[in-house]
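Below is one structure, written out as structure tokens, with a few remarks after it.
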Amino acid sequence: MSGIIRKRTGPAGSRILGVGAYRPMAVVSNADICQRLDSTPEWIESRSGIRSRRFANAEESLGAMAATAAGKALASAGVEVADVGCILVATMSHVTQSPSVATDVAARLGAEKAAAFDISAACAGFCHALAIASDMVLAGSARHVLVIGAERMSDIIDPHDRSTAFLFGDGAGAIVVGPSETTGIGPVVWGSDPSARDAIAHDRSYLDWRDNPELPWPTMRMAGQRVFRWASWQMAPVARAALDEAGITANDLVAFVPHQANIRIINVLCRVLALPGTVTVARDIEVHGNTSGASIPLAMDDILASGQVPSGGLALLIGFGAGLVYAAQVVQLP
Numbered sequence: 403m404s405g406i407i408r409k410r411t412g413p414a415g416s417r418i419l420g421v422g423a424y425r426p427m428a429v430v431s432n433a434d435i436c437q438r439l440d441s442t443p444e445w446i447e448s449r450s451g452i453r454s455r456r457f458a459n460a461e462e463s464l465g466a467m468a469a470t471a472a473g474k475a476l477a478s479a480g481v482e483v484a485d486v487g488c489i490l491v492a493t494m495s496h497v498t499q500s501p502s503v504a505t506d507v508a509a510r511l512g513a514e515k516a517a518a519f520d521i522s523a524a525c526a527g528f529c530h531a532l533a534i535a536s537d538m539v540l541a542g543s544a545r546h547v548l549v550i551g552a553e554r555m556s557d558i559i560d561p562h563d564r565s566t567a568f569l570f571g572d573g574a575g576a577i578v579v580g581p582s583e584t585t586g587i588g589p590v591v592w593g594s595d596p597s598a599r600d601a602i603a604h605d606r607s608y609l610d611w612r613d614n615p616e617l618p619w620p621t622m623r624m625a626g627q628r629v630f631r632w633a634s635w636q637m638a639p640v641a642r643a644a645l646d647e648a649g650i651t652a653n654d655l656v657a658f659v660p661h662q663a664n665i666r667i668i669n670v671l672c673r674v675l676a677l678p679g680t681v682t683v684a685r686d687i688e689v690h691g692n693t694s695g696a697s698i699p700l701a702m703d704d705i706l707a708s709g710q711v712p713s714g715g716l717a718l719l720i721g722f723g724a725g726l727v728y729a730a731q732v733v734q735l736p
């Protein structure tokens, strides 16, 4: 006679308890970029909204940046490392692959018992990881989950490529997801458009580079106009669906925190969504560039730390990127 497997139970709700960030020390201006790129600072800003970005040095590894951001998030949340049940790191720039960045973070924090793994969903990775973390808490799989977006995009871009060299920056942002008596993280709306998977991709595999070292280091390439059109017009319905799933309207929001891909994409989304003037729109891209999986938590940290939005308000998050993949949800800000 077989037994019955017992089901775990979790809290009534989940929410973000704290946020933290790490921004590399080196500020790289548009003029710096133009020293090795045939462009002008004015053209870069007009096309992207970016005035500067940060590049990590040799000591600012993915693990080091992620752990620092995570430590700040834990302090903000008032949660001890020993109470962390899982560490999730969203990244697309971890070129060594194994062991994961998450285990590096666990070692640096002293989280000896926590589950730890990375996820790869490019610029949408943070929103994917947030959805996974929320479900973990609700299911009772972990009481507190560290969710981190960390990138060293400077490692995987060609400094001479006009489509990508000026766009990307480095950094890490982190949140702590934990239990709540009410719902603080709305249902995720996510998906993919694999027919466009070649729109953002490495120009060659590491196997090609291994077999022919005379080839340049593999770097990321992007069909800029194709991605711009897709993000500008296909992501607005996803954002609306996230609002509908959460049972709210744009009038209930205090903030819109989209992936910091390009200021023109952000502006189009705001216009198509008809966001009220009372909604604060995160525009961290202006001074930190596109930090891929780190962009949303970095932007969230910025609007909270600067006092642009109140704690407890509702924010719409949406990430989108290579794959092409996307994810969106409404959250209550910590």
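Just so you know, the sequence shown maps onto residues 403 to 736 in the working numbering.
We put the beta carbon where it would ideally sit given N, CA and C, even for glycine.
In the DSSP assignment, find the unbroken alpha helix (DSSP H) run with ASP613 in it and report its ends.
For ASP613, the uninterrupted alpha helix (DSSP H) run begins and ends at 608-613, by DSSP.
Determine, using beta carbons only, whether THR493 and ALA423 come nearer to each other than 8 Å.
The answer is no: Cβ separation not under 8 Å.
Give the C-beta separation of ILE665 and PHE568 to the nearest angstrom, bearing in mind that I take them to be a contact with Cβ-Cβ under 8 Å.
Approximately 13 Å separates the beta-carbon atoms of ILE665 and PHE568; this is outside 8 Å, ruling out the contact.
Grab me the residues of ALA458's own chain with a C-beta within less than 6 Å of its C-beta, minus the 5 sequence neighbours each way, in chain order.
PRO426, ARG554 and ASP572.
Just the Cα atoms here: how many angstroms apart are PRO581 and VAL481?
Cα atoms of PRO581 and VAL481: separation of roughly 12 Å, rounded to the nearest angstrom.
Pick from ALA414, LEU645, ARG599 and THR693: whose alpha carbon is nearest that of LEU675?
Nearest option by C-alpha distance: LEU645.
Could you work out which residue in HIS496, VAL681 and PRO620 is closest to TRP611 when comparing CA atoms only?
Nearest of HIS496, VAL681 and PRO620 to TRP611, Cα basis: PRO620.
Which runs of the beta strand (DSSP E) fall wholly inside the stretch 507-565 and span at least 3 residues, in chain order?
Runs found: 517-521 and 547-554.
Would you grab the beta carbon distance between SER502 and VAL491 for me? Rounded to a whole angstrom, and I think it's under 8 Å.
The pair is a contact, with the Cβ atoms about 7 Å apart (cut-off 8 Å).
Range covered by the beta strand (DSSP E) that runs through GLN731
For GLN731, the enclosing beta strand (DSSP E) begins and ends at 727-734.
Return the chain-ordered ranges of every alpha helix (DSSP H) run that is complete within the stretch 666-724 and spans a minimum of 4 residues.
Correct list: 687-690 and 697-707.
Can you find the residues in the same chain that come closer than 7 Å, C-beta to C-beta, to SER450, ignoring five residues on each side of it along the sequence?
Around SER450: PHE568, LEU569, ASN664 and ILE665.
Would you please state the rounded distance, in angstroms, between the beta carbons of GLY527 and VAL483? I believe it to be under 8 Å.
That belief does not hold up - the Cβ atoms of GLY527 and VAL483 are roughly 23 Å apart, past 8 Å.
Enumerate in chain order the residues of its own chain whose CB-to-CB distance from ASP560 is below 6 Å, with the five nearest sequence positions on each side excluded.
Spatial neighbours of ASP560 in its own chain (CB-CB distance under 6 Å, excluding positions within 5 residues in sequence) are listed in chain order as THR621.
Pull the bridge partners of ALA492 from the DSSP assignment, please.
Beta-bridge analysis with DSSP links ALA492 to ILE521 and GLY551.
Run through DSSP, which three-state label would ASP572 get?
Strand, per DSSP.
Would you mind sorting ALA684 into buried or exposed? The rule is 16 or more other CB atoms within 10 Å of its CB.
Buried, by the Cβ-count rule.
Three or more C-beta pairs closer than 8 Å, one from the stretch 429-439 and one from the stretch 593-606: is that the case here?
No: fewer than three Cβ pairs fall under 8 Å.
Select from VAL681, SER454 and VAL659 the residue whose C-alpha is nearest the C-alpha of ALA701.
For the set VAL681, SER454 and VAL659, the Cα lying nearest the Cα of ALA701 is the one of VAL659.
Spell out a yes or no on whether the stretch 702-713 and the stretch 584-593 are touching, meaning 3 or more CB-CB pairs, one atom from each, closer than 8 Å.
No: the two stretches stay apart, fewer than three of their Cβ pairs being nearer than 8 Å.
What residue range does the beta strand (DSSP E) around MET622 cover?
Element bounds for MET622: 622-624.
Quick check: THR693 and GLN662, are their CB atoms within less than 8 Å of each other?
Taking 8 Å as the Cβ cut-off, THR693 and GLN662 qualify as a contacting pair.
For CYS672, the nearest candidate out of ASP520, GLU647 and ARG642 (CA to CA)
Check the Cα spacing between CYS672 and each of ASP520, GLU647 and ARG642: the tightest is with ARG642.
Determine the contact status of ALA574 and ALA504, defining contact as a CB-CB distance below 8 Å.
No; because the gap between Cβ atoms is not below 8 Å, this pair is not in contact.
So, at 6 Å on beta carbons, what are the nonlocal neighbours of GLY723 in its own chain, with the 5 sequence-adjacent residues on each side left out?
Within the same chain, GLY723 has close Cβ partners ALA524, CYS525 and ALA526.
In three-state terms, what does DSSP make of LEU464?
Helix, per DSSP.
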